[in-house]
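Number of protein chains: 2
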Amino acid sequence: MTTATDTAATQASVAEANRSRILRHLYHHGISSRAQIAKAVGLTPAAITKITAQLIEIGLIDETGDIEGAKNRRSIGLKLDASRFHIIGVKFARSLVQIGIFDLAGQTIKLDTLPNVYEHTIDETIASIHKRIKTMLSKDGSIVAIGMAVPGPYLRNAGHTAVVSSMQGWRRINFIEEFTHAFRVPVFIEQDARAGALANYLLFPGNRTDNLAYYLIGEGVGLGVIDNGRIINGALGVASEIGHVSIDVNGRACDCGNVGCLERYCSAPAIHAMLVEEGTLVPDAAGMEHAEACRRLFLLAQEGNAQARAMVRTIGRYVGYGCLIIFNTFNPERIVIGDIVSEAGQALLDEIERVVEQRAIGAIAETTTITLSTMPTDATVLGAAAVATTQFLDHPSQFFPLK
Amino acid sequence: MTTATDTAATQASVAEANRSRILRHLYHHGISSRAQIAKAVGLTPAAITKITAQLIEIGLIDETGDIEGAKNRRSIGLKLDASRFHIIGVKFARSLVQIGIFDLAGQTIKLDTLPNVYEHTIDETIASIHKRIKTMLSKDGSIVAIGMAVPGPYLRNAGHTAVVSSMQGWRRINFIEEFTHAFRVPVFIEQDARAGALANYLLFPGNRTDNLAYYLIGEGVGLGVIDNGRIINGALGVASEIGHVSIDVNGRACDCGNVGCLERYCSAPAIHAMLVEEGTLVPDAAGMEHAEACRRLFLLAQEGNAQARAMVRTIGRYVGYGCLIIFNTFNPERIVIGDIVSEAGQALLDEIERVVEQRAIGAIAETTTITLSTMPTDATVLGAAAVATTQFLDHPSQFFPLK
Numbered sequence: 007m008t009t010a011t012d013t014a015a016t017q018a019s020v021a022e023a024n025r026s027r028i029l030r031h032l033y034h035h036g037i038s039s040r041a042q043i044a045k046a047v048g049l050t051p052a053a054i055t056k057i058t059a060q061l062i063e064i065g066l067i068d069e070t071g072d073i074e075g076a077k078n079r080r081s082i083g084l085k086l087d088a089s090r091f092h093i094i095g096v097k098f099a100r101s102l103v104q105i106g107i108f109d110l111a112g113q114t115i116k117l118d119t120l121p122n123v124y125e126h127t128i129d130e131t132i133a134s135i136h137k138r139i140k141t142m143l144s145k146d147g148s149i150v151a152i153g154m155a156v157p158g159p160y161l162r163n164a165g166h167t168a169v170v171s172s173m174q175g176w177r178r179i180n181f182i183e184e185f186t187h188a189f190r191v192p193v194f195i196e197q198d199a200r201a202g203a204l205a206n207y208l209l210f211p212g213n214r215t216d217n218l219a220y221y222l223i224g225e226g227v228g229l230g231v232i233d234n235g236r237i238i239n240g241a242l243g244v245a246s247e248i249g250h251v252s253i254d255v256n257g258r259a260c261d262c263g264n265v266g267c268l269e270r271y272c273s274a275p276a277i278h279a280m281l282v283e284e285g286t287l288v289p290d291a292a293g294m295e296h297a298e299a300c301r302r303l304f305l306l307a308q309e310g311n312a313q314a315r316a317m318v319r320t321i322g323r324y325v326g327y328g329c330l331i332i333f334n335t336f337n338p339e340r341i342v343i344g345d346i347v348s349e350a351g352q353a354l355l356d357e358i359e360r361v362v363e364q365r366a367i368g369a370i371a372e373t374t375t376i377t378l379s380t381m382p383t384d385a386t387v388l389g390a391a392a393v394a395t396t397q398f399l400d401h402p403s404q405f406f407p408l409k
Numbered sequence: 007m008t009t010a011t012d013t014a015a016t017q018a019s020v021a022e023a024n025r026s027r028i029l030r031h032l033y034h035h036g037i038s039s040r041a042q043i044a045k046a047v048g049l050t051p052a053a054i055t056k057i058t059a060q061l062i063e064i065g066l067i068d069e070t071g072d073i074e075g076a077k078n079r080r081s082i083g084l085k086l087d088a089s090r091f092h093i094i095g096v097k098f099a100r101s102l103v104q105i106g107i108f109d110l111a112g113q114t115i116k117l118d119t120l121p122n123v124y125e126h127t128i129d130e131t132i133a134s135i136h137k138r139i140k141t142m143l144s145k146d147g148s149i150v151a152i153g154m155a156v157p158g159p160y161l162r163n164a165g166h167t168a169v170v171s172s173m174q175g176w177r178r179i180n181f182i183e184e185f186t187h188a189f190r191v192p193v194f195i196e197q198d199a200r201a202g203a204l205a206n207y208l209l210f211p212g213n214r215t216d217n218l219a220y221y222l223i224g225e226g227v228g229l230g231v232i233d234n235g236r237i238i239n240g241a242l243g244v245a246s247e248i249g250h251v252s253i254d255v256n257g258r259a260c261d262c263g264n265v266g267c268l269e270r271y272c273s274a275p276a277i278h279a280m281l282v283e284e285g286t287l288v289p290d291a292a293g294m295e296h297a298e299a300c301r302r303l304f305l306l307a308q309e310g311n312a313q314a315r316a317m318v319r320t321i322g323r324y325v326g327y328g329c330l331i332i333f334n335t336f337n338p339e340r341i342v343i344g345d346i347v348s349e350a351g352q353a354l355l356d357e358i359e360r361v362v363e364q365r366a367i368g369a370i371a372e373t374t375t376i377t378l379s380t381m382p383t384d385a386t387v388l389g390a391a392a393v394a395t396t397q398f399l400d401h402p403s404q405f406f407p408l409k
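Protein sequences, first through last, are from chains A and B. Take the first sequence: its position 305, counting from 1, is numbered 311 in our numbering, and each next residue is one higher. Take the second sequence: its position 292, counting from 1, is numbered 298 in our numbering, and each next residue is one higher.
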């Protein structure tokens with residue numbers, strides 16, 4: 007559907023879209039000849055020659071030696087050198103902040119974890135982030151952008167989060183005002199699960215579908231959805247906040263005001279609370295961080311402890327109820343489950359699949375793949391970088407003098 | 007986000023997009039000068055002159071007499087005569103089929119309701135639809151397209167429904183195979199609530215936002231979502247099926263395999279069942295159609311019957327729980343509630359607003375408008391026509407020899 011508020015398809019926007027297609031092709035397929043690119047993206051050889059000349063001139067892509075083309079003809083290859091451009095990624099979680107430097111291909115160059123954040127140290131943490139980023143930028147001239155991932159519900163247009171369960175102090179911070187114009191390179195901010203969806207799309211070819219959901223189950227429960235190749239944002243940017251969808255209208259109360267929110271049943275804090283309440287399985291659970299308590303439980307389950315296995319099955323059922331919501335609201339082709347709780351592994355996935363088999367509409371269950379993320383658990387910082395990398399590939403004229 | 011599978015922005019696709027913008031402008035704003043259009047859609051006067059000349063030549067738009075332009079200069083007006091092109095709309099519900107002829111502006115020219123459909127008369131109904139449409143097409147040369155609205159979950163790419171509660175016989179019908187190539191004009195098929203969203207967007211200026219949800223609560227419960235100007239479909243076309251999102255994982259069993267589906271609590275059949283079970287409020291409810299039973303209840307409530315009012319409040323709570331799901335999954339700017347249950351009126355809306363006030367995230371509640379549809383209850387047939395009208399405005403080259 008085209009709407010009245012769309013920008014007209016101007017020469018400039020068409021040129022940018024075509025540049026982006028060429029960059030995307032080189033990013034995902036590696037060294038390619040002009041003829042291969044022309045065929046893949048559906049542009050004329052003349053258009054490819056013109057656009058690639060411009061991209062070579064500004065140093066965004068390079069010519070390589072001859073490569074083998076169709077019918078054994080030799081032709082010159084073109085290459086986007088992903089290691090030449092660096093991106094800073096910043097992950098904000100409730101009590102955890104990580105800052106990393108990555109190349110465009112997601113290779114880690116540096117990764118720092120800041121001291122644990124408490125309500126009273128939020129300002130200090132923000133100051134430290136500024137300082138660290140400035141140092142990184144001064145030392146590494148190849149950094150071209152900064153991506154940030156923040157917990158949802160993130161009011162994307164306004165710049166702050168609407169609710170952060172058990173850590174409401176973060177709501178004071180306006181991320182846009184705080185960071186957007188603070189550095190010599192552009193800053194892009196996204197809800198954390200959407201950042202995870204972009205990272206999966208960009209960096210894991212097996213997950214590259216135009217209908218992808220990244221289901222983040224960690225300190226909170228979040229969701230990022232790519233529908234028909236586009237991220238779903240909603241009017242305020244708080245769409246796909248599955249953590250606050252109720253699975254039981256008579257259920258547990260949540261900080262957001264709702265009752266029975268999914269987040270209250272299968273997030274790391276919910277699992278931690280379950281362990282503390284139970285008391286015997288992980289006797290020292292009360293003194294642990296959420297992630298540590300969860301990992302102890304998952305280890306016990308993997309070692310065959312019957313009670314721990316039953317608890318993982320319970321968690322799996324709730325995660326599965328979330329999958330049913332995702333099926334019926336977003337109907338993605340693939341759901342990737344990531345963050346702390348995905349470490350429960352195959353036993354979790356087995357229970358999710360049992361729920362899906364029992365309760366999902368057959369035609370959806372048969373065609374939707376559910377997998378555990380193969381990204382490291384702290385992948386959200388990589389996701390933060392992917393937010394900026396996506397901008398770099400989609401809108402190169404934000405970074406280079408292009409017209 | 008641009009993805010590798012996007013079609014390249016070819017000359018042809020840019021030309022079509024610009025034509026569509028001009029048609030949309032004339033459709034929504036009425037008679038306009040070339041200069042007004044150029045300003046509104048962001049194209050050069052030269053481009054407007056070229057494209058409008060082509061549209062005039064094929065008879066899609068006309069020049070009118072002089073109109074008053076900027077600085078009191080007179081200029082020639084351009085007009086899209088919405089009454090000149092007719093669209094057939096077909097609504098399929100569980101037991102109800104309606105066929106209408108409308109003009110592009112949604113004015114009803116003819117509206118027929120077919121005899122009630124039963125499991126054993128589905129084939130007969132299909133044959134009758136073919137016959138009626140053929141007669142309409144032979145009598146009215148100005149019909150340019152057919153739109154159809156079918157109950158979800160509709161597998162949009164495959165052409166059939168996945169589940170039709172209490173009327174599973176419809177699942178046998180492949181709408182694409184049955185109708186797509188059966189007539190001299192193109193046929194477009196859409197899930198019914200999405201058709202309602204398109205109708206609201208097209209025909210009700212007050213609802214024209216790029217983030218619109220149409221929440222259909224009738225024989226089934228459905229949802230159509232326009233996010234950032236685009237309809238959300240999902241991989242198979244069964245996205246936004248809110249009727250089968252569970253509000254209680256320990257709740258009532260549903261035909262779809264899930265438990266606690268919203269549809270089991272506030273659809274017309276659910277309300278009807280509530281009335282039959284109660285027994286005294288509408289004593290002859292058992293022998294009625296679903297819609298009739300609901301209307302009797304709503305009338306009693308409007309007349310002040312305390313028990314009926316309490317029942318409407320109960321229904322309103324469930325409809326409100328659905329709004330919370332819509333808030334947290336799609337975050338639209340506006341939710342329009344339509345079909346049978348919206349006839350309960352202000353008392354229903356009051357209870358929905360109470361639920362929202364109690365349970366929604368403040369920032370979302372403050373910025374999301376919930377209204378009852380101002381379309382007639384049988385608006386889905388108008389929605390069906392709107393599906394085809396949207397295609398006519400977006401892709402005129404499907405209807406006219408344009409290049």
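Cβ atoms here follow ideal geometry from the backbone N, Cα and C, with glycine treated the same way.
Residues of chain A with a Cβ closer than 8 Å to the Cβ of Glu357 (chain B) do not exist; the shortest Cβ-Cβ separation is about 14 Å. About 6 Å separates the beta carbon of Asp233 (chain B) from that of Asn217 (chain B), a gap short enough to meet the 8 Å contact definition. Rounded to the nearest whole angstrom, the CA to CA distance from Ile376 (chain A) to Ile253 (chain A) is 20 Å. Beta-carbon to beta-carbon, Ile67 (chain B) and Gly83 (chain B) are separated by about 10 Å, too far to satisfy the 8 Å threshold.
The three-state secondary structure of Ala168 (chain A), taken from DSSP, is coil.
If you draw a straight line from the Cα of Gly257 (chain A) to the Cα of Cys267 (chain A), it is about 8 Å long. In the same chain as Asp400 (chain B), and ignoring 5 residues on each side of it, the C-beta atoms closer than 7 Å to its own belong to Ser26, in chain order. Counting of Cβ neighbours within 10 angstroms places Gly106 (chain B) among the buried residues, the total reaching 16 or more. Beta-bridge partners of His401 (chain A) (DSSP): none assigned. In the three-state DSSP reduction, Thr119 (chain B) falls in the strand class (E or B). Judged by their CB atoms, Phe108 (chain B) and Gln397 (chain B) are not nearer to each other than the 8 Å cut-off. In this structure, the beta-carbon distance from Glu269 (chain A) to Gly322 (chain A) does not fall below 8 Å. The residues Ile195, Glu196, Gln197, Asn239, Leu242, Gly243 and Val244, in chain order, have a CB closer than 8 Å to that of Arg162 (chain B) in the same chain once the five nearest residues on each side in sequence are set aside.
The CB of Cys329 (chain A) never comes closer than 8 Å to any CB in chain B; the least such distance is about 11 Å.
Nearest Cα to Pro121 (chain A) within the set A:Ala133, A:Gly112, A:Leu110 and A:Val251: A:Ala133. Shortest Cα-Cα distance from Ile93 (chain B) to any of B:Ala390, B:Ala259 and B:Ser38 involves B:Ala390. When the five nearest sequence neighbours on each side are left out, the beta carbons in the same chain lying within less than 8 Å of the beta carbon of Leu287 (chain A) are those of Leu281, Leu303, Leu306, Asn311, Gln313, Ala314 and Met317, in order along the chain. Thr141 (chain B) is classed as exposed because its beta carbon has fewer than 16 other beta carbons within 10 Å across all chains shown. From the beta-carbon of Cys262 (chain B), the residues of chain A found nearer than 7 Å are Ile367. Tyr160 (chain B) and Ala88 (chain B) have their C-alpha atoms roughly 30 Å apart.
Rounded to the nearest whole angstrom, the C-alpha separation of Ile149 (chain A) and Pro192 (chain A) is 10 Å. In this chain, the beta strand (DSSP E) harbouring Glu196 (chain A) covers Val193 to Gln197. Within the stretch 37 to 83 of chain B, the complete alpha helix (DSSP H) segments of 4 residues or longer fall at 40 to 47 and 51 to 63, listed in chain order.
Secondary structure in the stretch 225 to 281 of chain A: the alpha helix (DSSP H) runs of 4 residues or longer, each lying completely within the stretch, are 269 to 272 in chain order.
Arg319 (chain A) has its alpha-carbon roughly 6 Å from the corresponding atom of Leu354 (chain A).
Listed along chain B, the residues sitting closer than 7 Å to Ile253 (chain A) by beta-carbon distance are Ser252 and Val255.
Taking 8 Å as the upper bound for CB-CB distance, Gly165 (chain B) and Phe189 (chain B) are not in contact here, some 16 Å apart. Beyond the five residues adjoining it in sequence on each side, Val156 (chain B) comes within less than 7 Å, by CB distance, of Phe98, Thr167, Phe181, Ile195, Gln197 and Asp198 in the same chain, given in chain order. Take Ala297 (chain B), set aside five residues on each side of it, and the residues of its chain with a beta-carbon closer than 7 Å to its own are Ala274 and Ile346, in chain order. Only Pro159, Leu161, Ala168 and Val169 from the stretch 153 to 184 of chain B bring a Cβ to less than 7 Å from some Cβ of chain A.
Secondary structure of Leu102 (chain B) (DSSP, three-state): coil. For Ala276 (chain B) and Ala219 (chain B), the gap between their C-alpha atoms comes out near 22 Å. Per DSSP, the continuous alpha helix (DSSP H) segment holding Ala369 (chain A) begins and ends at Gly368 to Ala371. At least one C-beta of chain B is nearer than 8 Å to the C-beta of Pro338 (chain A). DSSP places Ala316 (chain B) outside any beta strand (DSSP E); the residue lies instead in the alpha helix (DSSP H), whose first and last residues are Ala312 to Phe336.
In the DSSP secondary-structure assignment, Thr377 (chain B) is bridged to B:Val342.
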